[in-house]
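Contents: one structure, followed by commentary.
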Amino acid sequence: MHAIELMDVSKQFKNFSINNLHLTIPTGSIVGLVGENGAGKSTTLHMIMQALKKDSGTIHVLGVNNEADEFLDVKQKIGVVLDEAYYPETLTTKRIRIMLKDIYTAWDDDVFDHYMTQFKLPYNQVFKDFSRGMKMKLQLAVALSHQAELLILDEATSGLDPMVREEILDIINEFTRDERHTVLLSSHIVSDLEKSCDYIAFLHEGRLKFMEEKDGLLERYRILKLAPEEVNALTINQAAIKGQRVSRYAVELLVDIEVLSSSETVFGDLEKATLEDVMILMTKGVKQS
Amino acid sequence: MKGLLLKDIFTLEKQMRVLLIVVVGFALIPASNMIGFTVMYAIIIPISSFGYDERAKWDRLMRMMPIPERSIILSKYVLGYSFVGLISVIMLIAQFGYHAFGYQDLTLASYPAFLVNVIFMVFMALIGYAVLMPFIFKFGMERGRLVFGAVFAALFFLTIPFSMIQISSSYGTFMASPLFVWIVVLVSAVVNVMSIKLSQRFYSQNTNS
Chain A
304 MHAIELMDVS
314 KQFKNFSINN
324 LHLTIPTGSI
334 VGLVGENGAG
344 KSTTLHMIMQ
354 ALKKDSGTIH
364 VLGVNNEADE
374 FLDVKQKIGV
384 VLDEAYYPET
394 LTTKRIRIML
404 KDIYTAWDDD
414 VFDHYMTQFK
424 LPYNQVFKDF
434 SRGMKMKLQL
444 AVALSHQAEL
454 LILDEATSGL
464 DPMVREEILD
474 IINEFTRDER
484 HTVLLSSHIV
494 SDLEKSCDYI
504 AFLHEGRLKF
514 MEEKDGLLER
524 YRILKLAPEE
534 VNALTINQAA
544 IKGQRVSRYA
554 VELLVDIEVL
564 SSSETVFGDL
574 EKATLEDVMI
584 LMTKGVKQS
Chain B
151 MKGLLLKDIF
161 TLEKQMRVLL
171 IVVVGFALIP
181 ASNMIGFTVM
191 YAIIIPISSF
201 GYDERAKWDR
211 LMRMMPIPER
221 SIILSKYVLG
231 YSFVGLISVI
241 MLIAQFGYHA
251 FGYQDLTLAS
261 YPAFLVNVIF
271 MVFMALIGYA
281 VLMPFIFKFG
291 MERGRLVFGA
301 VFAALFFLTI
311 PFSMIQISSS
321 YGTFMASPLF
331 VWIVVLVSAV
341 VNVMSIKLSQ
351 RFYSQNTNS
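Protein chains in written order, with this note's numbering: chain A, 304 to 592; chain B, 151 to 359.
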């Protein structure tokens, strides 16, 4: 079963569009949504939550069409952590809890208190005096205090120090120990995604470039480094080249070794590609023969 | 909706304290058009809640929560009605005290006069609030504030001739008649229902962009 399913979703803005997006998030997994600024990650997350209406296509979340009236009940089961915590700045945590208790039917004070203690967050300090790390921790505490089955995090770890990021990632991993729990996480910090995700979905200019299991992805791609003058002499199955980065002294080719195995050319050492390599080289463009 | 109302009340707590002091001050001034001014002032507070929301970009978070659009809209109207209601009760008590303690002759016949005066102002305020709300839902607080200024000024000047009528007319005039009160109530109800529907439409349209 899929926790989230986007079929043929499109959304048109003045200078940007999401085009025929197909994306499925398997239940029980942590899926990282990556892409450069403006690739459509936040737009996609907002469309999933029906905070932004799509132009066409269908979106199902936890088995319910997000345009149906029942989607409000589904939203009760979704914990959201946005890139900023958008609570009015004069509120204290104590008051945020009182307010949210009325919004989330399954709100659990004990769980909230547990995370407040774990994160060492104050109850009576006004929100504007919180550091960014504290704000994000509060959002996470809220997201986990109403028996959510799905967590959606939009750039939740950006701007945080490594210790806080680690703490947040640990909680996310802990959350998915229950196999009914799913996490969809967008981030610029690719190392965070590499550390915790089961799947990686890569968005580029409003299109899904790929969605693959992280381990398989990292096994599949290699970096082939060449001197610029060696490129023309290269006899390689062109379909294996998925991206490239050219500098004055070297050319780096992103090579899909599954396709490469059909080529007759045998290469020596190919460097393992990181997720960041895959992203950067793919967006730089595919080598033209 | 209760959660949203609580959020607004918590956010506006400090302003509410100031408002209460100002209202009590205004209530003690023996001029009938001060009632209008005070009630109009009362609607500034709920409207300022939009400013706080915009500053915090609260809407982005709220749209992620399991809150029906209808509740989002209605909570702002209920907030406005509650403020106007609260201020009206204070004004009525103050006006009663003002009459009772001898600043003017207190007769049974004089009650309807100030009662009608307050009721009229309350419903005028509700009409003003209802006119403003769709603009704020459509354009946001910044541009909506400009519209608010214009509507507030217009309504304030409208209260002046009515207060003159109040002074010059006898108790049996149309102003003090139940029919007049019912007409104002009816107009206010119609304008508010239309306003809520329009606000819902504008809010829903904003989800598209």
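The C-beta atom is built at its ideal place from N, Cα and C for all residues, glycine as well.
Just the C-alpha distance for residue i and residue j, rounded to the nearest angstrom, thanks.
i        : j        : result
A/Thr361 : A/Met352 : 12 Å
B/Ser354 : A/Ala553 : 53 Å
A/Thr460 : A/Asp495 : 8 Å
A/Leu419 : A/Ser345 : According to the sequence shown, residue 419 of chain A is Met rather than Leu. Looking at the two C-alpha atoms, the distance is approximately 27 Å.
A/Gln442 : A/Glu477 : 17 Å
A/Ala444 : A/Asp372 : 27 Å
B/Leu282 : B/Pro196 : 12 Å
B/Tyr321 : B/Ser349 : Any reading at B/Tyr321 needs caution, since the residue's pLDDT is 47, under 50, leaving its predicted position unreliable; the model's value is listed next. One C-alpha to the other measures close to 39 Å.
B/Gln165 : A/Leu403 : 23 Å
A/Glu387 : A/Glu515 : 28 Å
A/Leu256 : A/Phe513 : Residue 256 of chain A lies beyond the range of chain A shown here (304 to 592); nothing can be said about it.
A/Asp413 : A/Ser490 : 30 Å
A/Arg551 : A/Glu532 : 11 Å
A/Lys314 : B/Ser345 : 30 Å
B/Ser198 : B/Glu163 : 12 Å
A/Lys590 : A/Leu557 : Note that A/Lys590 scores 47 on pLDDT, short of 50, meaning its location in the model is unreliable and no value can be drawn from it.
B/Met215 : A/Asp358 : 22 Å
B/Lys288 : B/Phe352 : 5 Å
B/Ala275 : B/Val297 : 15 Å
A/Asn368 : A/Phe374 : 7 Å
A/Asn323 : B/Asp203 : 34 Å
A/Asn540 : A/Lys575 : 19 Å
A/Asp416 : A/Trp410 : 11 Å
A/Asp580 : B/Ile193 : 57 Å
A/Ser332 : B/Gly153 : 32 Å
A/Phe316 : B/Ile269 : 48 Å
Report buried or exposed for residue i, applying the criterion of at least 16 other Cβ atoms within 10 angstroms of its Cβ.
i        : result
B/Val340 : exposed
B/Leu156 : buried
A/Gly366 : exposed
A/Glu370 : exposed
B/Tyr191 : buried
A/Gln547 : buried
A/Lys528 : exposed
A/Tyr426 : exposed
A/Asp457 : buried
A/Met350 : buried
B/Val168 : exposed
B/Met271 : buried
By the criterion of Cβ-Cβ separation under 9 Å, what are the contact partners of residue i in chain B?
i        : result
A/Val383 : Leu211, Met214, Met215
A/Leu375 : Pro216, Ile217, Pro218
Thinking just about the alpha-carbon of each residue, which of the options is nearest to the one in residue i?
i        : options                                : result
B/Gly175 : B/Asp209, B/Gly201, B/Gly153, B/Ile240 : B/Ile240
B/Arg220 : B/Met151, B/Met344, B/Val272, B/Arg205 : B/Met151
B/Gln245 : B/Val266, B/Tyr231, B/Gly230, B/Leu229 : B/Val266
A/Gly338 : A/Ala530, A/Ile503, A/Asn323           : A/Ile503
B/Lys207 : A/Leu385, A/Arg400, A/Gly341, A/Val377 : A/Leu385
A/Arg480 : A/Glu452, A/Leu348, A/Asp457           : A/Glu452
A/His305 : A/Asp311, A/His484, A/Pro425, A/Ile526 : A/His484
A/Gly462 : A/Asp580, A/Asp473, A/Lys440           : A/Lys440
B/Phe187 : B/Phe287, B/Ile237, B/Leu296           : B/Ile237
A/Asp432 : A/Glu561, A/Thr395, A/Leu355, A/Met582 : A/Thr395
A/Cys500 : A/Leu511, A/Met585, A/Ile475           : A/Ile475
A/Ile583 : A/Tyr426, A/Lys438, A/Phe505           : A/Phe505
A/Val549 : A/Val534, A/Ile471, A/Gln541, A/Val467 : A/Val534
A/Lys438 : A/Leu472, A/Tyr389, A/Phe415           : A/Tyr389
B/Asp123 : B/Met291, B/Ala300, B/Val337           : The structure shown has nothing for residue 123 of chain B, since chain B only spans 151 to 359.
B/Ala304 : B/Pro284, B/Ile277, B/Phe285, B/Ile286 : B/Ile277
A/His325 : A/His363, A/Ala354, A/Gly341, A/Gly331 : A/His363
A/Thr538 : A/Glu555, A/Lys378, A/Asp518, A/Leu563 : A/Leu563
B/Met212 : A/Pro391, A/Gly509, A/Lys423           : A/Pro391
B/Val343 : B/Phe233, B/Pro284, B/Ile243, B/Ala300 : B/Pro284
A/Glu308 : A/Gly343, A/Phe430, A/Lys397, A/Leu487 : A/Leu487
A/Ile399 : A/Val429, A/Ala536, A/Glu555           : A/Val429
Cβ closer than 7 Å: which chain B residues qualify as neighbours of residue i?
i        : result
A/Thr393 : Thr161
A/Gln379 : Pro216
Could you work out which residues of chain A lie near residue i, taking near to mean beta carbons separated by less than 8 Å?
i        : result
B/Ala206 : Tyr389, Tyr390, Pro391, Glu392
B/Leu156 : Arg398, Ile401, Met402, Asp405
B/Lys152 : Asp405
Find the residues of chain A that neighbour residue i, judging by a C-beta separation of less than 7 Å, and give them in chain order.
i        : result
B/Gly201 : None at all; the shortest Cβ gap to chain A is about 10 Å.
For residue i, return the contacting residues in chain B, with the cut-off set at a CB-CB distance below 8 Å.
i        : result
A/Ala300 : Residue coverage of chain A in this structure runs from 304 to 592, which leaves residue 300 of chain A outside it and unanswerable.
Given 8 Å, three or more beta-carbon pairs between the segment 154-168 of chain B and the segment 218-236 of chain B: Yes: at least three Cβ pairs fall under 8 Å.
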